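Visitor:
Chains as they are written, first to last, in this note's numbering: chain A, 1 to 240; chain B, 1001 to 1240.
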């Protein structure tokens, strides 16, 4: 059996009771650490589950190795956030199904809904885009399409935890303005959403770029057309 | 302090360790039971947290009562799914902020990302719509807009747990076809996503309407333009 287990956004205490129970039942436990970054140490997770956790890089997860193991044993792959919030894990799920390996998915919080704390209506988000280190026009296309429809746009900022590189909110602001988005556009900079020390600031791109957001992960939201409740909630995060 | 605590999609084991810890710290605990429906009994939750849980209907949550209490004591409101996945709770959060009541949000899994298990890319969903008991054209407008852009559409089917009424997938299919959506349109019917006994079927609306999905909650997804990995995953749920 292959367990795909979402572990939430912040630390070892975001594990669900079901996740802890499932992991106790597993022969080997892996942690996927390349699509996001945890705010706790691997050791903190190990303490809670009482098992050694192996790091799984992209090569391992995208190879056939975990599925082969899961034919004989109970294998858990811990995934930061919710299991399918990073698109890459559906391939593993699909491959397991193809090879008749039973898969159990245990869900958890995802950045895609945790951003509801900004006050923006989650039903009124358009497409989501990553802003990658290597700049492309794709995020701009997504933004323009969403803006035309009055929808909110979530940008997830790229990360490379292995090399301790994180695209910053300042870099994302600069990227957008260089691509022709007005520096007076108001946006939400968000860091560590889902953690007790999360930070959200609402300001124009040219002001947002000089705010210190502390540690990653980061995202940036450009609101679309605002309802008055959304507007009022945003005002609590606003810096003028 | 007011704790807004997401409790996930299925049962008492979806509570996070952080949620259990927070609730233990609370003087009164309420459960919001009108925006979704749990697959476990209130008693099962009470056993895990070791406290009595009071039911909170819409009137209570939308009144000032919880905020008043939270000025003096630690109050927890348990919310099915993630805290802000139903738009209504942002108003409580906002009101607490206005009245200078400290709010702590504890996130959990939401239907909005748990549907990633269908194989559909969560980044390519357009606006989400509820299909209410009282039929309006709004869901159709949302669908058409998303379809034009090739985006996926999630419909959450209305529910009234107090009166044990749940809009069924058959009713939603009939609603769509009566509003002019072709009965040959392929859609995903989903029940109890997030539970071990979840059910997903991919078929034309006219076939989907006669499938027995078992217990609620339900949602319906009309896919947009499909990537081949999405297509391949959908085929595992397909009934022809």
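The beta carbon of each residue, even a glycine, is placed where N, CA and C say it ideally should be. In this text the structure is predicted, and so the values were computed from the model without any measurement.
In chain order, what residues of the same chain lie with their CB nearer than 6 Å to the CB of residue 1005 of chain B, ignoring the 5 residues before and after it?
Guide: Answer for residue 1005 of chain B: 1019, 1076, 1078, 1106, listed in chain order.
Visitor: Leaving aside the five residues before and after residue 25 of chain A along the sequence, list all residues of the same chain whose C-beta is less than 7 Å from its C-beta, in chain order.
Guide: Closer than 7 Å at Cβ, skipping near neighbours: 74.
Visitor: Which same chain residues, not among the five before or five after residue 176 of chain A, have their C-beta less than 7 Å away from its C-beta?
Guide: Excluding positions up to five away in sequence, the list reads 205.
Visitor: If you check the beta carbons only, do residue 1187 of chain B and residue 1199 of chain B fall under 7 Å apart?
Guide: Going by C-beta atoms, residue 1187 of chain B is not nearer than 7 Å to residue 1199 of chain B.
Visitor: Answer yes if the region 1089-1097 of chain B comes into contact with the region 1121-1141 of chain B, meaning at least three C-beta pairs across the two stretches below 8 Å, and no otherwise.
Guide: Flag = no, the region 1121-1141 of chain B and the region 1089-1097 of chain B do not touch.
Visitor: Have a look at B:1118, B:1058, B:1103, B:1034 and flag the residue whose alpha-carbon is nearest the alpha-carbon of residue 1081 of chain B.
Guide: Answer by Cα proximity: B:1034.
Visitor: Show which residues of chain B have a CB atom less than 8 Å away from the CB atom of residue 13 of chain A.
Guide: Here the neighbours are 1016, 1017, 1018, 1021.
Visitor: Within 10 angstroms of the Cβ of residue 1085 of chain B, are there 16 or more other Cβ atoms? Answer buried if so, exposed if not.
Guide: With 16 or more Cβ atoms within 10 Å of its Cβ, residue 1085 of chain B is classed as buried.
Visitor: Where does residue 124 of chain A fall in DSSP's three states?
Guide: Of the three classes helix, strand and coil, the one that applies to residue 124 of chain A here is helix, per DSSP.
Visitor: Between residue 60 of chain A and residue 154 of chain A, what straight-line distance do the alpha-carbon atoms span, to the nearest angstrom?
Guide: So the alpha carbons of these two residues sit roughly 29 Å apart.
Visitor: Applying the 10 Å Cβ sphere with the 16-neighbour rule, what's the burial state of residue 1133 of chain B?
Guide: With fewer than 16 other Cβ atoms within 10 Å, it is exposed.
Visitor: What are the boundary residues of the beta strand (DSSP E) that includes residue 1203 of chain B?
Guide: Note, residue 1203 of chain B: beta strand (DSSP E), 1199-1204.
Visitor: Hey, could you find the ends of the beta strand (DSSP E) residue 1100 of chain B is sitting in?
Guide: Element bounds for residue 1100 of chain B: n/a, residue is neither H nor E.
Visitor: Checking the sheet assignment: what are the DSSP bridge partners for residue 1160 of chain B?
Guide: According to DSSP, residue 1160 of chain B bridges with B:1165.
Visitor: Are the Cβ atoms of residue 224 of chain A and residue 150 of chain A separated by less than 7 Å?
Guide: Going by C-beta atoms, residue 224 of chain A is nearer than 7 Å to residue 150 of chain A.
Visitor: If you run the structure through DSSP and keep just helix, strand and coil, what is residue 20 of chain A?
Guide: If DSSP states are grouped into helix, strand and coil, residue 20 of chain A belongs with the helices.
Visitor: By DSSP, does residue 170 of chain A sit in helix, in strand, or in coil?
Guide: Helix, per DSSP.
Visitor: Given this structure, state the Cα-to-Cα distance separating residue 93 of chain A from residue 1130 of chain B, to the nearest angstrom.
Guide: Each residue's Cα considered, the two are about 28 Å apart.
Visitor: Per the DSSP calculation, residue 1152 of chain B is bridged to which residue(s)?
Guide: DSSP, once it has assigned bridges, lists B:1125 as partnering residue 1152 of chain B.
Visitor: State buried or exposed for residue 216 of chain A, treating a residue as buried only when at least 16 other CB atoms are found within 10 Å of its CB.
Guide: Counting Cβ neighbours within 10 Å, residue 216 of chain A comes out buried, since at least 16 surround it.
Visitor: Which residues in chain B have a C-beta closer than 7 Å to the C-beta of residue 145 of chain A? List them in chain order.
Guide: Within chain B, the residues near residue 145 of chain A are 1149.
Visitor: Apply the 10 Å Cβ neighbour rule to residue 1108 of chain B and answer buried if 16 or more other Cβ atoms are within range, or exposed otherwise.
Guide: So residue 1108 of chain B counts as buried.
Visitor: Considering only C-alpha positions, which residue in the set A:101, A:232, A:180, A:87 is nearest to residue 141 of chain A?
Guide: Closest by alpha carbon: A:180.
Visitor: Quick one: using the 10 Å Cβ neighbour count with 16 as the cut-off for buried, is residue 3 of chain A buried or exposed?
Guide: So residue 3 of chain A ends up on the buried side.
Visitor: By the DSSP assignment, the alpha helix (DSSP H) with residue 182 of chain A in it spans what residues?
Guide: Taken as a continuous stretch (DSSP letters only), residue 182 of chain A belongs to no alpha helix (DSSP H), as it is neither H nor E.
Visitor: By how many angstroms is the C-alpha of residue 83 of chain A removed from the C-alpha of residue 89 of chain A?
Guide: C-alpha separation (whole angstroms): 7 Å.
Visitor: Using a Cβ-Cβ cutoff of 8 Å, what residues of the region 1099-1118 of chain B are near chain A? List them in chain order.
Guide: From the region 1099-1118 of chain B, only 1104, 1105, 1107, 1108, 1109, 1110, 1112, 1113, 1114, 1116, 1117 have a Cβ closer than 8 Å to chain A.
Visitor: Grab me the residues of residue 1056 of chain B's own chain with a C-beta within less than 7 Å of its C-beta, minus the 5 sequence neighbours each way, in chain order.
Guide: So the list reads 1030, 1031, 1032, 1077, once near-sequence residues are dropped.
Visitor: Do you know whose CA, among A:152, A:126, A:158, lies nearest residue 136 of chain A's CA?
Guide: Of A:152, A:126, A:158, the residue nearest in Cα terms is A:158.
Visitor: Note down the Cα distance separating residue 1169 of chain B from residue 1214 of chain B, rounded to an integer number of angstroms.
Guide: Distance between the alpha carbons of residue 1169 of chain B and residue 1214 of chain B is about 10 Å.
Visitor: Looking at C-alpha atoms only, which residue of B:1045, B:1001, B:1037 is the closest neighbour of residue 1068 of chain B?
Guide: Measuring from the Cα of residue 1068 of chain B, the nearest candidate turns out to be B:1001.
Visitor: Which term fits residue 228 of chain A, buried or exposed, when burial requires 16 or more other beta carbons within 10 angstroms of its beta carbon?
Guide: Classification for residue 228 of chain A: exposed.
Visitor: In the structure shown, what three-state DSSP assignment does residue 191 of chain A receive?
Guide: Strand, per DSSP.
Visitor: Taking 7 Å as the threshold (beta carbon to beta carbon), is residue 82 of chain A in contact with chain B?
Guide: Yes, residue 82 of chain A lies at the interface with chain B (some Cβ there is under 7 Å from its Cβ).
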